[in-house]
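Okay, structure first, notes after.
Residue numbers (the working numbering): 13 to 648.
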């Protein structure tokens, strides 16, 4: 790991302490959490690579996120600010009200036999009740597994079979800009397909849609939860699982990432202060969904653990109702730190390239805009910085890590922003870049991005029910290292650059080139709103880069001129070695609901491989657009 010269002196000291005196560093970080029983060992490495943080300790995550703030006299502070442009509603929930909702829901779960260690699947939209459900599970030591509301029935069934829940919590519907999405028919189909039979389904009926209930199995939330007794917090081991979160696996079988209680609470509280500059009473907004890791870490748990106000938003960056929604919400609710995905900013930029919706809105409350979820190209970062007049902080992490791996420590020691980089490694993470033989590469040389073991608190402990798959997926390529699956490099100042997934490296006549670099160059063109580049087979060179670009609204340029200018731009920036000549415009790129471009799926289409439509896809019709674009380029 390269530590950055004179930049980030305080942060460098913290990194060194976290690596050379790991136990002391993380013991001090744990002081902000209330423990029921202290730990025997900060880090138990006796069963490496299955490390255990705060071994012997007991705590309750829900108590730390809710009850202790009420006990400290801050019960009237808003804990969750719900804003829903799709239903034209809003609601402020205080910490005291949150405690009441969660304790009664926990009481209901306890009454139907849910106990410590049991699993509960949550299939819900972006409403406060979803957070209640997660916290209620944590309150009694049950392990929740949130599945994104609206997931296909077969994918939900797969997760039910893997987690084997005792109960399932759902809602009648979600609300999308396109209209109401009924959840209950999907839920019923999943339960029919699943070999594991769920005993109890709790269903919240929303005004927009009433669910058809099955007698005996299904229970109406508003009928049973208000009648339930309030229940207190059950101490659990710091090493006990808090939740399972499924991420897509290369085999088609989803991987259940396991997060513990103790390390998770410490890491998230640490990150809220040091990365996001959030303190008790501040307003934090992560514009994500609770179905994703960002929603777990920074809508529900992180802000509440530090006594902040978390803004929970049911809507989209554009279309609910326009590209100015984000900025108006930040102004209205006094958001201090705002976290969204680069794809959201690109969508706003495409709709409002001149930032007209930003003009006239007072954003004095906003300290920083944070971006993560997919690589942020410099053009997008620079546009946001110019239009907002605020620091725009790209940072990088994964479902598996649960909190940032590389980030600018805005609450402790901000360093200069380098567009294209999520800055330097966060204390506790020893990030290195290795070649295929396992040797560290020189500065500014691309390779495989890895993290030296042990991983810090809050990261995955294993995969649910499959320790061997955890080893095979993450630990087998380089002994003593966690494989991130990303390719990139470190510069001379220790700044990390994530360029692509390892699978997205293109080998053009022996030259290893990153798709991320191609996309970065294409986005420099004034007509381009966003771009995706994949590798396609070529008999002469092995592979060639193929680019699909989405144009900004109002752009008037012919296909021939666009191709000519983009080919020339890539030749100028990357060089003739890129052999870049395949590029065309596309109305919309295929993406997951969280904003990740489905490059692997596009590669399958180009290679005429059997296509399995990903469960996470936002709009399946975009795959037809890809087929049409590839046909224009000769890949029918």
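Virtual Cβ for every residue (Gly too), placed ideally from N, Cα, C. Predicted model, so just to flag it, every value in this text is computed and none were measured.
Using a Cβ-Cβ cut-off of 7 Å (strictly less than) and excluding sequence neighbours within five positions of residue i, which residues of its own chain qualify?
i           : result
residue 621 : none
residue 15  : With a pLDDT of 42 at residue 15, under the threshold of 50, the predicted position of this residue should be treated as unreliable, and no value is reported.
residue 37  : 29 and 30
residue 230 : 213 and 215
residue 650 : Coverage of the chain is limited to positions 13 through 648, which leaves residue 650 absent and any answer about it impossible.
residue 17  : Model confidence at residue 17 stands at a pLDDT of 45, short of 50, so the residue's coordinates are unreliable; what they give is reported in the following sentence. Same-chain partners within the cutoff: 505.
residue 170 : 266
residue 286 : 421, 423 and 424
If you draw a straight line from the alpha carbon of residue i to that of residue j, how long is it in whole angstroms?
i           : j           : result
residue 324 : residue 146 : 14 Å
residue 644 : residue 595 : 10 Å
residue 175 : residue 157 : 8 Å
residue 337 : residue 326 : 11 Å
residue 12  : residue 618 : Lying before the first or after the last residue shown, residue 12 is absent from the chain, which here runs from 13 to 648.
residue 199 : residue 161 : 10 Å
residue 245 : residue 148 : 9 Å
residue 128 : residue 154 : 5 Å
residue 167 : residue 197 : 14 Å
residue 381 : residue 559 : 29 Å
residue 11  : residue 431 : Because residue 11 is not part of the residues shown, which for the chain are 13 to 648, the question remains open.
residue 65  : residue 402 : 37 Å
residue 584 : residue 454 : 25 Å
residue 201 : residue 405 : 42 Å
residue 316 : residue 571 : 50 Å
residue 328 : residue 353 : 12 Å
residue 535 : residue 567 : 14 Å
residue 351 : residue 322 : 11 Å
residue 592 : residue 417 : 33 Å
residue 209 : residue 108 : 36 Å
residue 573 : residue 647 : 21 Å
residue 575 : residue 72  : 58 Å
residue 479 : residue 63  : 12 Å
residue 519 : residue 500 : 15 Å
Just to confirm my understanding: we take residue i, look at its own chain, exclude 5 residues before and 5 after, and list those with CB closer than 6 Å. What are they?
i           : result
residue 179 : 126, 132 and 212
residue 365 : 564
residue 39  : 54
residue 528 : 387, 511 and 512
residue 41  : 278 and 282
residue 384 : 407
residue 640 : none
residue 44  : 281
residue 258 : 171, 266 and 268
residue 75  : 245
Classify residue i as helix, strand or coil using the three-state DSSP reduction.
i           : result
residue 170 : helix
residue 601 : coil
residue 460 : strand
residue 480 : helix
residue 449 : coil
residue 491 : coil
residue 497 : strand
residue 308 : helix
residue 321 : strand
residue 11  : Past the boundaries of the shown model lies residue 11; the chain is included only from 13 to 648, so the question cannot be answered.
residue 374 : coil
residue 555 : strand
residue 315 : helix
residue 399 : helix
residue 120 : helix
residue 17  : Interpretation of residue 17 is limited by its pLDDT of 45, a score under 50 that renders its predicted location unreliable; no figure is taken from the coordinates.
residue 224 : coil
residue 392 : helix
Out of the options, which one is the CA nearest neighbour of residue i?
i           : options               : result
residue 606 : 411, 458, 237 and 35  : 411
residue 138 : 182, 123 and 169      : 182
residue 35  : 275, 320, 587 and 309 : 275
residue 234 : 252, 184, 581 and 346 : 184
residue 77  : 134, 69 and 144       : 144
residue 378 : 289, 443, 451 and 587 : 289
residue 308 : 210, 415, 237 and 373 : 415
residue 58  : 33, 67 and 50         : 67
residue 438 : 447, 463 and 450      : 463
residue 142 : 533, 312, 238 and 342 : 312
residue 192 : 228, 124 and 217      : 217
Enumerate in chain order the residues of its own chain whose CB-to-CB distance from residue i is below 8 Å, with the five nearest sequence positions on each side excluded.
i           : result
residue 102 : 93, 94, 95 and 96
residue 106 : 87, 88, 89, 90 and 91
My understanding is that residue i touches residue j, with C-beta atoms under 8 Å, so please give their C-beta distance in whole angstroms.
i           : j           : result
residue 270 : residue 413 : At roughly 13 Å, the Cβ-Cβ gap does not stay under 8 Å, so residue 270 and residue 413 are not in contact.
residue 625 : residue 635 : 7 Å
residue 530 : residue 545 : 4 Å
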